[in-house]
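Peer 1: As given, the protein sequences belong to chains A and B, one line each in that order. 236 is the number of the first residue of the first sequence in the numbering used here; add one for each residue after it. 25 is the number of the first residue of the second sequence in the numbering used here; add one for each residue after it.
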Amino acid sequence: MPRLLATQSHVVHGYVGNKAATFPLQCLGWDVDCVNSVQFSNHTGYGADLIFGSIASEKDLELLLTGVSDFDDYDALLSGYLPTDAAVSTMGRFYTQMKQKNASVIWLLDPVMGDDGQLYVNENVVPIYRALVSSSLVDVMTPNHFELELLYGSNISNKNELKSALAHFHKTVPAIVVTSCSRDLFEDGSHIYCVASLRGTRPVVFRIPVIDSYFTGVGDMFSALLLDRLYRMFEAGRRTFAEEVNHVLNVLHNVLELTLKHSPKNVKAVMGQPKEMKQMELRTIESRDLYDRKSSAHNFIYKPL
Amino acid sequence: MKGKILSIQSHVVHGYVGNKAATFPLQYKGWDVDAINTVQFSNHPGYGHFSGFRSTPEELEEIIEKGLLKGLDIKYDAVITGYLPSVEGLSRVWKLIKRMEESTPGLKVIVDPVLGDNGRLYVPEETVPIYRDILKQSRVFLATPNQFEIETLTGVAITDQKTLKASIDRFHELYPRVDNVIATSVVLPALKDVCLISACSDYETRSAFFFEVPKIGAHFSGSGDLLSALLLDALVPGQQDLVTALNKSLSLVESILQRTYELNELALKLESPKKINDLKLIECRDLLKVDPPLKYTPQQL
């Protein structure tokens, strides 16, 4: 069985961070070791006055990561939402050591910093992620458009700039998925566009119909499922990157459809409204049999970038 | 989804005890599990070395009271509690569970009164009277003490079938608000190399049954936590009697332990591993998907 170390948030209720990543990966046969960077009652979308719990200190994270470093048996490393620069640098330090010790470990870094022009972590986090991304140790990164701009240090407002940014990051990162591109880039509000790029091949644009609600944890589940597919792709020596991304997008699409089917009609989740938010938590458990489906019903591949 | 569970137990990064042993099997069987971690350790102490930290009593209280109950107004079908090392945390959490019982008709509370094992306490001594109070005052659906714990809670030492029955009877007398009790991992001197005993009894009928489960010959960390979780799955929907539910859960645990043992033999090339640190829960997920065949015969105690 492959074994994965995941450092991100834990929520008691709902499915984001480690809660969104763990169960799908377990269903796919992974032993998932979770270092929880926070323990919160629920995710932040419920409203700032409705979050209770604690953030693991730098020392706490060090204790846990030192403890598990001794096992020395990871096949994959995953990191997501980490609330402080101390947390990001601690994760980075330990993952760097593990990766240097064993180059065959695959490291997926989701540089969670914000969305739609809004930063939701401390800005000191940006240079630390930049350093990790340029260390040549990260195998896969999954920023959204805004996070890619933060890492790049400049706006990306057309396709050529996006190509340049990807070329820049490919110097050190072999596989990149930009999980949601700005609408302006494709002048189309009714679809989500994401771009997947494997070093040495032409970037591919994916187009997915927008489901009009507010879901959380989708990015976290995406990076977990992607890590599973890419681990197997690298193991088999294939270069079927676009197919792997398409497959993961299909699984997620199915999970979102199932989530909508289970939620009351006409309910739309809105930030700060706990009742609606609760009804729009990803139906992670009900989706048990969707994660290891072999076939993909939709082809979301749109065109080369 | 079968229902919503609040599970208050330990978290280990590596391996399967506490919430890590309970969550995946329950989720795989269709339960929505809200897991509160009472500690976060790198691994369980059975390894001989571990590092980590405890959640503070205030944190546990706030998450449940202000977050889950007041903020989100979640109605749980069941609450399950396990390892909770802080005396203060234990009291505060139980105050809230009592309040939940009062406001949620039909809520089923499952308590593993984690005190110790094999004659040794691994929580502070003051924890014992707190658990006595909890079991006296709360409406508990099921308690799952091991031999040491039921002996500690009743003051009756178990040496044979007669004293096992006496200990269970005493438990019912002392804790009449506990509907069902299951004593796990009981070693009777006469059978100590052959099998472990699990016995069950309910307050209403007081008819006690026991099962002899042949020994696999190794110590497995997390098997008790797994058993409590599977008992929850078997009993909370309310369609199975206690004896069948215990038989079913023991049968499934045995299949998981057996496979874990074989995978360990294979991996370590050991003839007979004596101590197995980590259950192979993920490799056993196919076993969780179906109802296991019942392996044991109940005997009246």
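Backbone N, C-alpha and C define an ideal beta-carbon position, used for all residues, glycine too. Please read these numbers as outputs of a predicted model, since none were measured by experiment.
How many Å lie between B/P169 and B/R309 at the Cα?
Peer 2: The count along the second sequence starts at 1 and reaches residue 169 of chain B at position 145. The count along the second sequence starts at 1 and reaches residue 309 of chain B at position 285. Computed Cα separation, rounded: 26 Å.
Peer 1: Below 8 Å, can you find three or more Cβ-Cβ pairs linking the region 323-342 of chain A to the region 253-267 of chain A?
Peer 2: Output reads no: the region 253-267 of chain A does not touch the region 323-342 of chain A.
Peer 1: Tell me which residues of the region 77-88 of chain B have at least one Cβ-Cβ distance to chain A shorter than 7 Å, keeping chain order.
Peer 2: Cβ contacts with chain A: F77, S79, E83, E86, I87.
Peer 1: Three or more beta-carbon pairs under 8 Å between the region 156-166 of chain B and the region 108-126 of chain B, yes or no?
Peer 2: Short answer: they touch.
Peer 1: According to DSSP, B/C224 sits in a beta bridge with which residue or residues?
Peer 2: Taking the first residue of the second sequence as position 1, residue 224 of chain B is located at position 200. B/C224 pairs with B/I206, B/F233.
Peer 1: Below 6 Å CB to CB, which residues in the same chain sit around B/R201 once its five sequence neighbours on both sides are set aside?
Peer 2: Start at 1 with the first residue of the second sequence, and residue 201 of chain B comes out as number 177. Same-chain partners within the cutoff: R163.
Peer 1: Please report the straight-line C-alpha distance between A/G388 and B/Q64, rounded to a whole angstrom.
Peer 2: For the purposes of this step, residue 388 of chain A is identified with residue 153 of the first sequence, where counting begins at 1. For the purposes of this step, residue 64 of chain B is identified with residue 40 of the second sequence, where counting begins at 1. Those two C-alpha atoms are separated by around 37 Å.
Peer 1: Using a Cβ-Cβ distance cut-off of 8 Å, determine whether B/Y285 contacts chain A.
Peer 2: Position 261 of the second sequence, counted from the start, is the residue given in the question as residue 285 of chain B. No, its Cβ sits nowhere closer than 8 Å to a Cβ of chain A.
Peer 1: List the residues of chain B whose Cβ lies closer than 7 Å to the Cβ of A/K513, in chain order.
Peer 2: If you number the first sequence from 1, residue 513 of chain A lands on position 278. Chain B residues near A/K513: L96.
Peer 1: Given that a residue counts as buried once 16 or more other Cβ atoms are within 10 Å of its Cβ, and exposed if not, what is B/K132?
Peer 2: Sequence index remark: in the second sequence, residue 132 of chain B carries index 108 (1-based). Buried, since its Cβ has 16 or more Cβ neighbours within 10 Å.
Peer 1: Exposed or buried, which one is B/E89 when buried takes at least 16 other CB atoms within 10 Å?
Peer 2: Locating residue 89 of chain B in the second sequence gives position 65, where the first residue counts as 1. Its Cβ being crowded by 16 or more others within 10 Å, B/E89 is buried.
Peer 1: Flag B/I306 as yes if its beta-carbon sits less than 8 Å from any beta-carbon of chain A, otherwise no.
Peer 2: Here residue 306 of chain B refers to the residue found at position 282 when the second sequence is read from its first residue. Yes - at least one Cβ of chain A is within 8 Å of the one on B/I306.
Peer 1: When we look at the beta-carbon of A/N395 and count the other beta-carbons within 10 Å, is it buried (16 or more) or exposed?
Peer 2: In the first sequence, residue 395 of chain A corresponds to position 160, counting from 1. So A/N395 ends up on the exposed side.
Peer 1: Any C-beta of chain A within less than 9 Å: which residues of the region 51-70 of chain B qualify?
Peer 2: Per Cβ criterion, the list reads Q51, Y52, G54, W55, D56, V57, D58, A59, I60, N61, Q64, F65, S66, N67.
Peer 1: Inspect the beta-carbon positions of A/H403 and A/S432 and report whether they are closer than 8 Å.
Peer 2: The sequence position of residue 403 of chain A within the first sequence is 168, counting from 1. The sequence position of residue 432 of chain A within the first sequence is 197, counting from 1. Not a contact, by the Cβ cut-off of 8 Å.
Peer 1: Does the region 267-274 of chain A come within contact of the region 32-51 of chain B, defined as at least 3 CB pairs closer than 8 Å?
Peer 2: A contact exists between the region 267-274 of chain A and the region 32-51 of chain B.
Peer 1: Does B/I88 come out as helix, strand or coil in the three-state DSSP assignment?
Peer 2: Within the second sequence, residue 88 of chain B is the residue found at index 64, counting from 1. Helix at B/I88.
Peer 1: In whole angstroms, give me the CA-to-CA distance for A/V361 and B/I306.
Peer 2: The count along the first sequence starts at 1 and reaches residue 361 of chain A at position 126. The count along the second sequence starts at 1 and reaches residue 306 of chain B at position 282. Each residue's alpha carbon lies about 36 Å from the other.
Peer 1: Within the 8 Å Cβ cut-off, does B/V37 reach chain A?
Peer 2: What you label residue 37 of chain B is simply residue 13 of the second sequence in a count that begins at 1. True, the Cβ-Cβ gap to chain A drops below 8 Å.
Peer 1: Could you tell me which of B/L50, B/C219, B/G39, B/F234 sits nearest to B/Y71, measuring between CA atoms?
Peer 2: Translated into positions along the second sequence, residue 71 of chain B becomes position 47. Among B/L50, B/C219, B/G39, B/F234, the Cα nearest to that of B/Y71 is on B/G39.
Peer 1: What does B/L250 reach in chain A if we use C-beta pairs closer than 8 Å?
Peer 2: Numbered from 1 along the second sequence, position 226 holds the residue referred to as residue 250 of chain B. Within chain A, no residue comes near B/L250; the closest Cβ sits about 15 Å away, beyond 8 Å.
Peer 1: Taking beta-carbon pairs under 9 Å, can you tell me which members of the region 265-282 of chain A lie near chain C?
Peer 2: In the structure shown, chain C cannot be found, because the protein chains are A and B.
Peer 1: Flag B/A223 as yes when its Cβ comes closer than 7 Å to any non-hydrogen atom of the ligand ATP, and as no otherwise.
Peer 2: You won't find the ligand ATP in this model; it holds no ligand whatsoever.
Peer 1: Is the CB of A/E521 under 8 Å away from at least one CB in chain B?
Peer 2: Within the first sequence, the letter at position 286 stands for residue 521 of chain A. True, the Cβ-Cβ gap to chain B drops below 8 Å.
Peer 1: Quick check on A/L433: does DSSP put it in helix, strand or coil?
Peer 2: As a working note, residue 433 of chain A is residue 198 in the first sequence. A/L433 falls in the strand class under three-state DSSP.
Peer 1: Run down chain A in chain order and give the residues with a C-beta less than 9 Å from the C-beta of B/M25.
Peer 2: As a position in the second sequence, residue 25 of chain B is number 1, starting the count at 1. Neighbours of B/M25 on chain A, chain order: H497, R518, I520, E521.
Peer 1: Nearest-angstrom Cα distance between A/H278 and A/G452?
Peer 2: On the first sequence, residue 278 of chain A is found 43 positions in, with the first residue counted as 1. On the first sequence, residue 452 of chain A is found 217 positions in, with the first residue counted as 1. Taking the straight line joining both Cα atoms gives about 9 Å.
Peer 1: Is the beta carbon of B/S222 closer than 8 Å to that of B/V351?
Peer 2: Because chain B is modelled from 25 through 325, residue 351 of chain B falls outside the range shown and cannot be assessed.
Peer 1: Listed in chain order, which residues of the region 291-302 of chain A have Cβ atoms closer than 7 Å to some Cβ of chain B?
Peer 2: Against chain B - using a Cβ distance shorter than 7 Å - the residues of the region 291-302 of chain A are D295, L298, L299, T301, G302.
Peer 1: For B/D302, which residues does DSSP report across the bridge?
Peer 2: Your numbering for residue 302 of chain B matches position 278 in the second sequence. Its beta-bridge partners do not exist; DSSP assigns none.
Peer 1: Under 8 Å between the Cβ atoms of B/A139 and B/D184?
Peer 2: As a first step, residue 139 of chain B is located in the second sequence; it is residue number 115 there, counting from the start. As a first step, residue 184 of chain B is located in the second sequence; it is residue number 160 there, counting from the start. It should be noted that the sequence gives Leu, not Ala, for residue 139 of chain B. Not in contact: B/L139 and B/D184 (Cβ atoms no closer than 8 Å).
Peer 1: For A/M236, does the count of other Cβ atoms within 10 angstroms reach 16, so buried, or fall short, so exposed?
Peer 2: To locate residue 236 of chain A, count along the first sequence from 1; it is residue 1. Flag for A/M236 reads exposed.
Peer 1: For A/P202, go through chain B and note every residue whose CB falls closer than 8 Å to its CB, in chain order.
Peer 2: With chain A represented from 236 up to 540, any question about residue 202 of chain A goes unanswered, as that position is not in the structure.
Peer 1: Run the CB neighbour count on A/R473, radius 10 Å, all protein chains shown included, and call it buried at 16 or more, exposed below.
Peer 2: Here residue 473 of chain A corresponds to residue number 238 of the first sequence, with the count starting at 1. When all chains shown are included, A/R473 counts as exposed.
Peer 1: How about A/T414 and A/C429: do their beta carbons lie closer than 8 Å?
Peer 2: For the purposes of this step, residue 414 of chain A is taken as the residue at position 179 of the first sequence. For the purposes of this step, residue 429 of chain A is taken as the residue at position 194 of the first sequence. Cβ atoms of A/T414 and A/C429: closer than 8 Å.
Peer 1: If the cut is a Cβ gap below 8 Å, which residues of chain A does B/S75 touch?
Peer 2: Indexing the second sequence from 1 puts residue 75 of chain B at position 51. Within 8 Å Cβ-Cβ: L298, L299, T301, G302.
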